[in-house]
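Protein chains in written order, with numbering that gives the first Met the number 0: chain A, 0 to 158; chain B, 0 to 785; chain C, 0 to 263. We put the CB at the ideal spot given by N, CA and C, even for glycine. Before any comments, here is the structure.
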Amino acid sequence: MTEVSMTVNGKPVKADVPDNTLLVQFIRENLRLTGTHVGCDTSQCGACVVHLNGKAVKSCATLAVAANGADVTTIEGLANGEMHPMQTAFKENHGLQCGFCTPGMIMTATDMVARYDANGKELTEAAIREELEGNICRCTGYHNIVKAIADGASKMASS
Amino acid sequence: MSEGIGARVLRKEDKRFLIGKGRYTDDIIEQNQAYAAFVRSPHAHAIVKSIDASAAEAMDGVVAVLNGAGLTGDGIGNIICGWGVTSKDGSPMNMGAWSALATDKVRYVGDAVAIVIADSIDQARLAAEAVEVDYEALPVVVQSDAALEDGAPQIHENAPNNLIFDWEIGEEDATDTALAGAAYTTEMDIVNNRLSPNAMEPRAAIATFNEADDHYTLYTTSQNPHVARLVLSAFYNVAPEHKLRVIAPDVGGGFGSKIYIYPEEIACLWASMKTNRSVKWTSDRTEAFLTDAHGRDHITHAKIGFDKDHKIVGLKVDTKANLGAYMSLFSSATPTYLYATLLSGQYNIANIHCNVKAVYTNTVPVDAYRGAGRPEASYVMERMMETAAREMGVSPTELRRKNFVQEFPHQTPVIMAYDSGDFAANQDQAMKAADYADFEARRTEAASRGKLRGIGFSNYIEACGIAPSAAVGSLGAGVGLWESAEVRVNPVGTIEVLTGSHSHGQGHETTFAQIVAERFGLPTENIQIVHGDTDKVQFGMGTYGSRSGAVGMSAIVKAMDKVEAKVKKIGAHVLEASEDDIIIEDGAVKVKGTDKQMLWHEVGLAAYTAHNIPEGMEPGLKETSFYDPSNFTFPAGCYICEVEVDPETGTTEIVQFVASDDFGTIINPMIVEGQVHGGIAQGIGQALLEGVVYDDSGQLLSASYMDYTMPRADDLPSYSVHHQSTECPGNPLGMKGCGEAGAIGSPPAVINAITDAIGNNDLSMPATPAKVWAAIQAASAKQAAE
Amino acid sequence: MYETKYHKASSVSEAVSLMGAADDGKLLSGGQTLLPTMKAHLAAPSDLVDVSGIAEMNGISVNDDIVTIGAATTHAEVAGNAALQKACAGVADLAANIGDPAVRHLGTIGGSIANNDPAADYPAALLALGATIKTNAREITADDFFVGLFETALNDDEVIVSISFEAPAKACYAKFPNPASRYALAGVFAALTTAGARVAVAGAGDDGVYRHADMEAALDGNWSADAILGVSVGADGMLSDMHGDAAYRANLVKVMAGRAVAGC
């Protein structure tokens with residue numbers, strides 16, 4: 000067991016966990032933040048994406064102990080009183096159906112928009128589709144997710 | 000803005016998913032919860048000689064290791080197929096025994112032999128590895144055609160040659176005669192590839208036995224919790240229905256795979272009683288590949304004949320359907336009544352005969368997967384039509400048009416009676432949207448860039464809204480396929496609708512609320528849809544087969560009819576008017592032609608206070624309906640796929656995908672379009688990317704996303720989705736259903752497009768780059784030889 | 000995942016001593032391959048030594064045409080490095096197409112080459128660039144480093160510190176991804192270096208990453224896609240699996256080589 004402490008959604012948290020605890024287990028089971036999901040074993044589906052020190056990572060392929068001292072944001076921490084513009088965009092564009100991949104999609108989307116913004120690159124439809132390589136959705140056929148991310152990007156720019 | 004029928008109302012259910020507050024089964028933690036891991040067979044076929052759990056039992060945190068002998072010893076029954084299919088010789092199907100935990104023999108890789116219960120999931124998994132099972136490996140067969148051969152490994156004793164049934168539909172002699180007299184015939188061997196459904200939420204279960212009340216609660220990832228409870232009670236003897244509550248909370252996609260009752264739920268319920276702990280099991284993805292029911296897996300030979308005017312005279316189809324190692328809940332119906340009954344397609348065909356042999360193999364059980372039988376039928380028919388057109392040198396669109404059914408009702412020779420449709424209108428709409436007229440110019444332009452451009456059509460029809468109970472009963476169904484609804488108007492006028500349908504992505508909480516809003520003139524925010532809990536909803540058959548609109552919502556309409564009748568009586572009484580003059584609009588009960596009215600909540604309050612209601616009327620305002628449909632519904636449409644193939648690598652890019660669907664009445668176009676998008680993605684997935692692969696020893700090679708190709712955003716285009724509807728005459732809302740169309744209509748369009756592009760019709764699904772490249776090489780070699 | 004003991008190393012020497020003290024230690028950098036492997040119970044190291052925070056193993060420098068990349072530098076950092084883009088865009092572009100964005104935020108160049116997955120991308124780049132792999136103990140040329148499938152010249156407890164190579168005149172990578180895993184079904188890195196044309200192939204060979212001598216000969220003095228057309232690539236020695244047989248991979252090697260050369 001190792002004591003880990005980190006900041007999750009702006010709040011300091013601390014727990015003793017076995018060294019083999021994945022960050023996603025820590026988030027779901029220790030912190031009971033169950034918006035972060037597990038959809039595969041090979042870190043391909045992206046249902047578990049969170050932000051670790053401001054960057055999208057797969058929390059199923061990260062150890063909790065390795066995130067000691069880190070700043071973590073999960074889907075539960077994205078809204079700030081009201082929904083984040085990307086969350087609003089997913090709703091308005093019907094970018095979700097069963098909702099299981101949605102938290103990972105949104106965490107990936109906000110990271111994507113921030114990176115493109117920082118690099119001054121245009122987030123085209125083709126770019127969004129390519130950037131979603133690590134996020135699998137079985138319901139939407141991606142059509143409305145792609146629309147939602149484009150819309151979310153412009154909402155983020157104007158907010 | 001109106002929130003009624005036809006409005007693009009944003010989804011009421013979205014918020015909880017968007018902010019991470021969805022409540023899926025694995026999110027729930029029960030007090031005193033333990034974790035289950037299964038000991039699974041590494042062999043595809045073996046005798047279980049012994050199980051030694053002593054080392055596992057001694058490990059840290061292990062609560063119990065339980066096996067099949069204990070399970071059957073406690074009277075837990077075998078898993079059954081709920082639809083009896085009779086062979087053409089009149090004999091019943093040969094259903095082999097399937098115990099939730101194998102006792103004497105394992106029949107596929109992943110077959111469970113024991114369940115380990117421990118304090119943590121890691122402890123349970125480590126202990127499961129420590130259970131020593133002594134297997135005696137047996138010969139293996141994984142393909143349906145090989146399994147039927149003499150001398151093939153025998154999987155169940157009561158199914159000689161692994162034949163489950165040998166079923167037929169239609170007139171064989173008449174069909175043979177028609178084909179013999181045909182001016183043109185086309186024959187094809189067609190394989191419908193095996194798929195893994197892959198709902199993103201893996202299956203999960205939490206079973207809790209309450210010793211004090213002899214009562215069980217099961218949280219599970221189910222599309223139909225009431226059916227689960229019924230089967231768990233009536234056939235598996237877990238507990239009588241009143242002692243078993245089944246809850247399907249938020250469910251992360253189903254696509255058919257969460258219809259069935261699997262060994263894991265049964266074992267967890269039983270283990271909960273044995274250990275007096277809540278027992279939680281959550282599948283990982285590899286376990287999902289190994290145990291979730293697969294879809295499709297047909298090997299078919301088909302022959303179609305035309306007269307000299309290119310009118311179809313007959314169709315003969317022989318199919319071998321691989322059902323895997325055991326018969327799953329609806330496995331027998333999928334390749335028979337949901338498949339062969341749709342082989343008439345959109346066409347007038349006087350003579351059809353289809354023979355289906357269902358076969359055991361050493362693979363995961365196969366059952367209904369999005370479309371269920373109808374994608375297989377549509378693939379056979381639409382590949383045949385496209386191929387026949389090419390062979391006869393006629394336009395594929397004109398050949399179809401010439402043969403369209405144009406008068407309704409239309410009785411096909413294979414049971415179905417089509418009630419409505421305008422197939423030419425859908426084809427026209429799709430061709431216009433695809434700018435078909437300009438296609439050859441696009442093909443030429445692509446060629447200048449070194450790309451092979453092709454276009455392919457698919458005119459599908461499906462039978463949804465399953466189904467008239469008496470009709471399916473006569474065909475072997477073990478249940479009725481009606482739906483129930485309860486409409487509860489609260490004293491403050493808000494409404495709860497309890498439905499036996501189950502939403503796992505389909506947006507019922509919004510769409511169902513819209514029809515209530517429309518009827519009573521209320522905002523959808525005042526309407527709550529309740530589903531997924533056997534303690535709350537009295538009964539229901541669940542969601543599959545695109546039935547929740549046509550059947551589930553019809554039940555709500557029927558219950559609303561009763562509410563309306565009572566409301567009108569109360570209104571007439573309070574407002575001192577004739578019932579015939581009472582109208583309900585804009586959230587009020589009004590007397591026609593006057594300004595007299597009661598607001599909706601005043602009616603609710605009147606009903607519950609019962610201070611002033613008609614004499615003899617019961618207080619309260621709650622009505623129930625059980626709606627049994629009178630016929631299937633028949634969504635249909637025309638899909639056009641346009642591709643560009645890179646001849647150097649065989650890569651296919653879908654440059655355009657157009658859908659024109661006839662779904663009858665559409666309640667929420669936004670949600671319907673979303674269903675079509677998702678269905679098309681799964682259809683394109685089947686056609687281009689997805690395929691379950693077993694090796695000859697029965698090992699599953701495609702057991703993770705490293706090897707099973709899930710459609711990703713950059714594999715797919717944006718879709719051009721259109722509607723051209725005729726109202727369904729068979730149900731009160733005129734709805735046909737939209738959940739499966741995309742998956743049914745799209746695969747033949749994709750393959751027709753690629754084969755058009757590369758000039759080689761010999762191409763099977765999934766049309767991976769490697770296969771397409773090989774087909775291009777074969778075509779070039781053939782051309783060089785000629 | 001089996002039990003394991005996690006250690007965070009703050010220097011290369013500490014990492015080396017932690018590894019020396021462990022029964023069956025494994026270096027953990029981004030963990031993007033190792034952790035999924037451990038989850039699948041296919042690896043069970045007694046100890047994990049995390050090197051991701053070691054300063055001397057992080058960062059990219061370009062001095063006098065010599066590019067040095069710290070072993071713990073992530074794919075995202077490699078992809079986004081302006082100096083590297085200028086000195087050798089082929090490597091930056093390769094990194095930009097490894098895995099997905101979340102994987103690139105954690106996965107590292109050192110982890111990739113130490114694992115030497117035959118379908119990984121970096122080994123082809125290093126081999127084609129004639130790179131040098133610097134460890135705590137020595138310097139190893141890429142030609143000596145990559146030994147076979149998942150095999151390298153690294154000794155137990157040896158820690159890769161950095162990778163360096165001379166900026167090439169031209170360099171480009173063309174990858175045809177496995178449709179499912181998106182690893183290379185065939186990837187070709189072509190480079191024009193001071194030592195001549197060098198071509199390395201990932202994903203296709205049944206003994207892992209390898210150099211393609213015939214293509215190198217064809218490209219020497221004639222750096223063009225046309226030069227590749229004349230090279231025959233046979234199916235012998237190619238991997239064959241459910242995603243593509245040997246003949247298909249042989250075709251892809253040639254097509255990707257042509258595209259790599261044409262791309263720079």
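Rounded separation between residue 160 of chain B and residue 250 of chain B - CA only: Position 161 of the second sequence, counted from the start, is the residue given in the question as residue 160 of chain B. Position 251 of the second sequence, counted from the start, is the residue given in the question as residue 250 of chain B. One C-alpha to the other measures close to 39 Å.
Using only alpha-carbon positions, find the residue among B:144, B:80, B:126, B:45 that is nearest to residue 53 of chain B. Within the second sequence, the letter at position 54 stands for residue 53 of chain B. For the residues B:144, B:80, B:126, B:45, the minimum Cα distance to residue 53 of chain B belongs to B:126.
Rounded to the nearest angstrom, what separates residue 136 of chain C and residue 31 of chain C at their Cα positions? Translated into the one-based positions of the third sequence, residue 136 of chain C becomes position 137. Translated into the one-based positions of the third sequence, residue 31 of chain C becomes position 32. Distance between the alpha carbons of residue 136 of chain C and residue 31 of chain C: 25 Å.
Could you list which residues in chain B have their beta carbon closer than 8 Å to that of residue 254 of chain C, in chain order? Position 255 of the third sequence, counting from 1, holds the residue named residue 254 of chain C. Chain B residues near residue 254 of chain C: 647, 648.
Chain A contact for residue 119 of chain C (CB, 7 Å cutoff): Position 120 of the third sequence, counted from the start, is the residue given in the question as residue 119 of chain C. At a cut-off of 7 Å, the C-beta of residue 119 of chain C has no neighbouring C-beta in chain A.
Rounded separation between residue 64 of chain B and residue 533 of chain B - CA only: The residue you call residue 64 of chain B lines up with position 65 of the second sequence. The residue you call residue 533 of chain B lines up with position 534 of the second sequence. So the alpha carbons of these two residues sit roughly 30 Å apart.
Is residue 262 of chain B helix, strand or coil by DSSP? As a first step, residue 262 of chain B is located in the second sequence; it is residue number 263 there, counting from the start. Helix.
Taking any Cβ of chain A, which residues in the stretch 98–118 of chain C have a Cβ under 8 Å from it, in chain order? 98, 99, 100, 101, 102, 104, 105
Using 8 Å as the cut-off, can you tell me whether the stretch 345–353 of chain B makes contact with the stretch 675–682 of chain B, which would need three or more C-beta pairs spanning the two stretches below that distance? In short, these stretches do not touch, since the Cβ pair count stays below three.
According to the Cβ coordinates, are residue 341 of chain B and residue 376 of chain B closer than 7 Å? Within the second sequence, residue 341 of chain B is the residue found at index 342, counting from 1. Within the second sequence, residue 376 of chain B is the residue found at index 377, counting from 1. Contact: yes.
Flag this pair as yes or no: are the beta carbons of residue 384 of chain B and residue 137 of chain A separated by less than 7 Å? Translated into positions along the second sequence, residue 384 of chain B becomes position 385. Translated into positions along the first sequence, residue 137 of chain A becomes position 138. No.
Every unbroken alpha helix (DSSP H) inside the stretch 74–99 of chain C [4 residues or more]: 74–79, 81–95
Verify the CB distance criterion: does residue 769 of chain B have a CB-CB separation below 7 Å to chain C? Residue numbering aside, residue 769 of chain B sits at position 770 when the second sequence is read from its first letter. Interface with chain C (7 Å Cβ-Cβ cutoff): residue 769 of chain B is included.
Buried or exposed by the 16-neighbour rule on C-beta atoms within 10 Å, applied to residue 273 of chain B: Position 274 of the second sequence holds residue 273 of chain B. Buried, because 16 or more other Cβ atoms sit within 10 Å of the Cβ of residue 273 of chain B.
Provide the residue span of the alpha helix (DSSP H) that contains residue 151 of chain A, from first to last. Here residue 151 of chain A refers to the residue found at position 152 when the first sequence is read from its first residue. Looking at the DSSP string, the run of the alpha helix (DSSP H) that includes residue 151 of chain A is 142–156.
Check whether residue 35 of chain B and residue 316 of chain B have beta carbons under 7 Å apart: Indexing the second sequence from 1 puts residue 35 of chain B at position 36. Indexing the second sequence from 1 puts residue 316 of chain B at position 317. Contact flag unset, no.
Between B:714, B:92, B:2, which lies nearest to residue 126 of chain A when the distance is taken from Cα to Cα? On the first sequence, residue 126 of chain A is found 127 positions in, with the first residue counted as 1. Checked all of B:714, B:92, B:2; the closest Cα to residue 126 of chain A is B:714.
For chain A, find out if any of its Cβ atoms is closer than 7 Å to the Cβ of residue 172 of chain C; answer yes or no. Taking the first residue of the third sequence as 1, we reach residue 172 of chain C at position 173. It does not: the Cβ of residue 172 of chain C has no partner Cβ on chain A nearer than 7 Å.
Could you pull the start and end residues of the alpha helix (DSSP H) that residue 84 of chain A belongs to? Stepping through the first sequence from its first residue, residue 84 of chain A is reached at position 85. Note, residue 84 of chain A: alpha helix (DSSP H), 84–91.
Anticipated Cβ contact below 8 Å, residue 262 of chain C with residue 173 of chain C, distance rounded: Your numbering for residue 262 of chain C matches position 263 in the third sequence. Your numbering for residue 173 of chain C matches position 174 in the third sequence. With a Cβ gap of about 6 Å, residue 262 of chain C and residue 173 of chain C count as contacting.
Between residue 291 of chain B and chain C, is the shortest Cβ-Cβ distance under 7 Å, so that the two count as touching? On the second sequence, residue 291 of chain B is found 292 positions in, with the first residue counted as 1. For residue 291 of chain B, the answer is no, since every Cβ of chain C falls outside 7 Å of its Cβ.
Please decide whether residue 559 of chain B counts as near chain A, where near means a Cβ-Cβ distance under 7 Å. Sequence index remark: in the second sequence, residue 559 of chain B carries index 560 (1-based). With its beta carbon at least 7 Å from every one in chain A, residue 559 of chain B lies outside the interface.
DSSP three-state label for residue 243 of chain C, please. Counting from one through the third sequence, the residue named residue 243 of chain C turns up at place 244. For residue 243 of chain C, the secondary structure class from DSSP, reduced to helix, strand or coil, is strand.
Which residues of chain B have a Cβ atom closer than 7 Å to the Cβ of residue 250 of chain C, listed in chain order? Reading the third sequence from its first residue, position 251 is the one you call residue 250 of chain C. Those within 7 Å of residue 250 of chain C in chain B are 772.
Since residue 6 of chain C meets chain B, which of its residues come closer than 7 Å, beta carbon to beta carbon? For the purposes of this step, residue 6 of chain C is identified with residue 7 of the third sequence, where counting begins at 1. The contacting residues do not exist; residue 6 of chain C stays about 20 Å from chain B at best.
Return the chain-ordered list of same chain residues with a C-beta closer than 6 Å to the C-beta of residue 408 of chain B, the five sequence neighbours on each side being excluded. Numbered from its first residue, the second sequence carries residue 408 of chain B at position 409. Taken in chain order, the residues that qualify are 416, 418.
Beta bridge counterpart(s) of residue 786 of chain B as assigned by DSSP: Here chain B has residues from 0 to 785 only, and residue 786 of chain B is not among them.
Quick one: what's got a C-beta closer than 8 Å to residue 565 of chain B's C-beta in the same chain, skipping five residues either side? Taking the first residue of the second sequence as position 1, residue 565 of chain B is located at position 566. Closer than 8 Å at the Cβ level, and outside the excluded window around residue 565 of chain B, lie 606, 616, 620, 622.
Neighbourhood of residue 270 of chain B by C-beta distance below 6 Å, restricted to the same chain and skipping five residues each side: For the purposes of this step, residue 270 of chain B is taken as residue 271 along the second sequence, with counting starting at 1. 65, 114, 116, 278.
Report yes if the CB atom of residue 692 of chain B is closer than 7 Å to the CB atom of residue 237 of chain C, and no otherwise. As a first step, residue 692 of chain B must be located in the second sequence, where it is residue number 693. As a first step, residue 237 of chain C must be located in the third sequence, where it is residue number 238. No.
Taking the beta carbon of residue 131 of chain C as the centre, do at least 16 other beta carbons fall within 10 Å, making it buried, or is it exposed? Numbered from 1 along the third sequence, position 132 holds the residue referred to as residue 131 of chain C. Burial state of residue 131 of chain C is buried, judged by a 10 Å Cβ sphere holding 16 or more other Cβ atoms.
In the DSSP assignment, what are the bridge partners of residue 454 of chain B? Position 455 of the second sequence, counted from the start, is the residue given in the question as residue 454 of chain B. According to DSSP, which records beta bridges pairwise, residue 454 of chain B is partnered with B:641.
Quick check: what's the CA-CA separation for residue 466 of chain B versus residue 536 of chain B? Position 467 of the second sequence, counted from the first residue, corresponds to residue 466 of chain B. Position 537 of the second sequence, counted from the first residue, corresponds to residue 536 of chain B. For residue 466 of chain B and residue 536 of chain B, the distance between alpha carbons rounds to 20 Å.
Give the residues of chain B in contact with residue 202 of chain C, contact being defined as C-beta atoms less than 8 Å apart. Position 203 of the third sequence, counting from 1, holds the residue named residue 202 of chain C. Simply none; closest approach about 13 Å.
Quick test of the definition: if touching needs 3 or more C-beta pairs under 8 Å, does the stretch 684–701 of chain B touch the stretch 20–33 of chain B? no
Proximal residues, the stretch 223–245 of chain C versus chain B, C-beta separation under 8 Å: Cβ contacts with chain B come from 241, 242, 243, 244.
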